[in-house]
Amino acid sequence: MGILNLTPDSFFAGSRVADNTDLLHRAEAMLTAGASILDVGGYSSRPGAEHISEDEEKQRVLPAVEALHRAFPEAFLSIDTFRSGVACAAVAAGASIINDISGGELDAAMFATAGQLQVPYVLMHMRGTPQTMKQLTHYPDGLVLELVRYFRDKVAQLRAAGVTDIILDPGFGFAKTATQNHELLSRLRELQLLGLPILAGLSRKAMVYKPLGLTPDAALSGTVALNTIALLNGATLLRVHDVPEAMQTIRLVSNTFSPFSP
Numbered sequence: 000m001g002i003l004n005l006t007p008d009s010f011f012a013g014s015r016v017a018d019n020t021d022l023l024h025r026a027e028a029m030l031t032a033g034a035s036i037l038d039v040g041g042y043s044s045r046p047g048a049e050h051i052s053e054d055e056e057k058q059r060v061l062p063a064v065e066a067l068h069r070a071f072p073e074a075f076l077s078i079d080t081f082r083s084g085v086a087c088a089a090v091a092a093g094a095s096i097i098n099d100i101s102g103g104e105l106d107a108a109m110f111a112t113a114g115q116l117q118v119p120y121v122l123m124h125m126r127g128t129p130q131t132m133k134q135l136t137h138y139p140d141g142l143v144l145e146l147v148r149y150f151r152d153k154v155a156q157l158r159a160a161g162v163t164d165i166i167l168d169p170g171f172g173f174a175k176t177a178t179q180n181h182e183l184l185s186r187l188r189e190l191q192l193l194g195l196p197i198l199a200g201l202s203r204k205a206m207v208y209k210p211l212g213l214t215p216d217a218a219l220s221g222t223v224a225l226n227t228i229a230l231l232n233g234a235t236l237l238r239v240h241d242v243p244e245a246m247q248t249i250r251l252v253s254n255t256f257s258p259f260s261p
């Protein structure tokens with residue numbers, strides 16, 4: 000899953016799309032390199048990010064989804080949003096997957112909308128909002144047990160709403176400390192008991208660059224290392240800024256360990 004950020008304040012400056020020409024150039028490069036999905040987002044979810052209105056989010060993402068769908072009609076487009084209105088409009092414009100960082104917590108209509116649209120839904124774990132999540136990292140019963148319970152209950156709600164294709168995203172960096180993020184990565188395979196595909200979104204995040212004393216711009220090698228661990232621990236989908244390097248990682252892991260396939 001290649002990341003296309005339409006936000007001016009994304010934590011990794013190199014991922015920010017400048018204009019429509021830049022958007023299509025990046026998308027083509029990602030698809031050529033092997034990306035299966037292009038993830039389009041217009042609301043920055045970095046810690047403490049500025050809140051924007053639904054109208055502004057639509058103004059950012061809908062023209063982009065339309066342009067991508069016209070240029071690459073066979074590509075799978077994912078809309079990265081927690082708002083059902085944005086999701087609905089984006090699917091009408093050509094998106095075919097909903098990637099919701101809030102797991103339906105920030106819009107009560109999201110699950111019903113996903114069920115009505117009959118599109119795959121990425122269910123992520125987060126607490127609070129991007130503005131408050133850094134203060135919500137206490138898990139009395141342990142982080143992994145919390146995630147198992149959370150996903151169990153949310154999946155049941157999604158099934159009841161008619162959603163049939165669900166991908167789990169443990170939400171690295173969302174309402175989790177650095178220690179918790181690395182514990183979660185080491186125990187990622189435990190989420191397989193839920194029987195659903197697991198998405199790992201580690202690309203250039205603080206859990207990669209801070210332990211190394213680097214910045215997001217210098218975190219590609221670290222991202223490759225942690226993506227390798229994620230694949231070995233059960234991840235079936237990688238959300239990345241750097242598609243060629245991610246595809247190389249997938250191919251080398253698949254050539255060494257089964258049952259992976261490129």
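Using numbering that gives the first Met the number 0, read the sequence shown as starting at 0 and increasing by one per residue. Beta carbons: idealized from backbone N, C-alpha and C, even for Gly.
Q: Kindly list the residues whose CB is nearer than 7 Å to the CB of Ile51, restricted to its own chain and excluding five residues on each side of it in sequence; keep chain order.
A: These residues qualify, in order along the chain: Tyr42.
Q) Among Ala224, Leu231, Gly40, Leu213, which one has its Cα closest to the Cα of Gln191? A) Measuring from the Cα of Gln191, the nearest candidate turns out to be Leu231.
(Q) Tell me the residue span of the beta strand (DSSP E) that contains Val249. (A) One detail in the question is off: residue 249 reads as Ile in this sequence, not Val. Note, Ile249: premise wrong, no beta strand (DSSP E); alpha helix (DSSP H) at 242-255.
Q: Note down the Cα distance separating Ser35 from Leu167, rounded to an integer number of angstroms.
A: About 17 Å.
(Q) For Phe150, list the residues DSSP reports as bridge partners. (A) Answer is none; Phe150 lacks a bridge partner.
(Q) Whether or not the stretch 242-251 and the stretch 114-134 are in contact is what I'm after, with contact meaning three or more pairs of Cβ atoms, one per stretch, closer than 8 Å; do they touch? (A) Contact between the stretch 114-134 and the stretch 242-251 is absent: fewer than 3 CB-CB pairs across the two stretches fall below 8 Å.
Q) With 16 other CB atoms within 10 Å as the buried threshold, where does Asn226 fall? A) Asn226 comes out buried.
Q: Could you tell me which residues DSSP puts in a beta bridge with Tyr208?
A: None; Tyr208 has no bridge partner.
Q) To the nearest angstrom, how far is it from the Cα of Leu251 to the Cα of Ile228? A) The straight-line gap from Cα to Cα measures roughly 12 Å.
Q. Could you give the distance in angstroms between the alpha-carbon of Gly200 and the alpha-carbon of Val239?
A. Taking the Cα positions, Gly200 is about 7 Å away from Val239.
Q) What are the boundary residues of the alpha helix (DSSP H) that Gly114 is part of? A) Its alpha helix (DSSP H) spans residues 109-116.
Q. Ordered along the chain, which non-local residues of its own chain (more than five positions away) have a Cβ less than 7 Å from that of Ala174?
A. Counting only Cβ-Cβ distances below 7 Å, and skipping sequence neighbours, we find Met125, Arg126, Gly127, Met132, Leu135, Thr136.
Q: Provide the residue(s) that pair with Ala199 in DSSP beta bridges, ordered along the chain.
A: Answer is Leu237, bridged to Ala199.
Q. Per DSSP, what kind of secondary structure is Val16 in: helix, strand or coil?
A. Note: Val16 maps to coil in three-state DSSP.
Q: Report the rounded CA-to-CA distance for Val16 versus Arg186, giving the unit in angstroms.
A: Rounded to the nearest angstrom, the gap between the Cα atoms of Val16 and Arg186 is 34 Å.
Q. Where do the N-terminal and C-terminal ends of the alpha helix (DSSP H) with Gly33 fall, by residue?
A. Boundaries cannot be given for Gly33, as no alpha helix (DSSP H) includes it and DSSP labels it neither H nor E.
(Q) Taking its Cβ as the centre, do 16 or more other Cβ atoms sit within 10 Å of Pro7, making it buried, or is it exposed? (A) Exposed, by the Cβ-count rule.
Q: Just mark Thr255 as buried or exposed, buried being the case when its beta carbon has 16 or more other beta carbons within 10 Å.
A: Residue environment for Thr255: exposed (fewer than 16 other C-beta atoms within 10 angstroms of its C-beta).
Q | the stretch 141-148 contacting the stretch 85-102, beta-carbon criterion three pairs below 8 Å | A | Taking 8 Å as the limit for Cβ pairs, the verdict is that the stretch 85-102 does not touch the stretch 141-148.
Q | C-beta atoms of Leu157 and Pro169 nearer than 8 Å | A | Here Leu157 is not near Pro169, since their CB atoms are 8 Å or more apart.
**Q.** Inter-residue CB distance, Ala113 and Tyr120 (contact presumed, cutoff 8 Å)
**A.** Yes, they are in contact, since the Cβ atoms of Ala113 and Tyr120 sit about 5 Å apart, within 8 Å.
Q: Would you grab the beta carbon distance between Val223 and Thr248 for me? Rounded to a whole angstrom, and I think it's under 8 Å.
A: Contact holds; Cβ gap of about 6 Å.
Q. What is the residue span of the beta strand (DSSP E) that Ile100 lies within?
A. Per DSSP, Ile100 lies in no beta strand (DSSP E) segment and is marked neither H nor E.
Q | Backbone CA spacing between Ala89 and Ser253 [nearest angstrom] | A | Computed Cα separation, rounded: 34 Å.
Q. Taking DSSP as the reference, what is the three-state secondary structure of Asn232?
A. Three-state DSSP puts Asn232 in coil, outside helix and strand.
Q) Around the C-beta of Gly40, are 16 or more other C-beta atoms found within 10 angstroms, so that it is buried, or is it exposed? A) When all chains shown are included, Gly40 counts as buried.
Q: Output the boundary residues of the beta strand (DSSP E) element that contains Gly127.
A: Note, Gly127: premise wrong, no beta strand (DSSP E); not H, not E.
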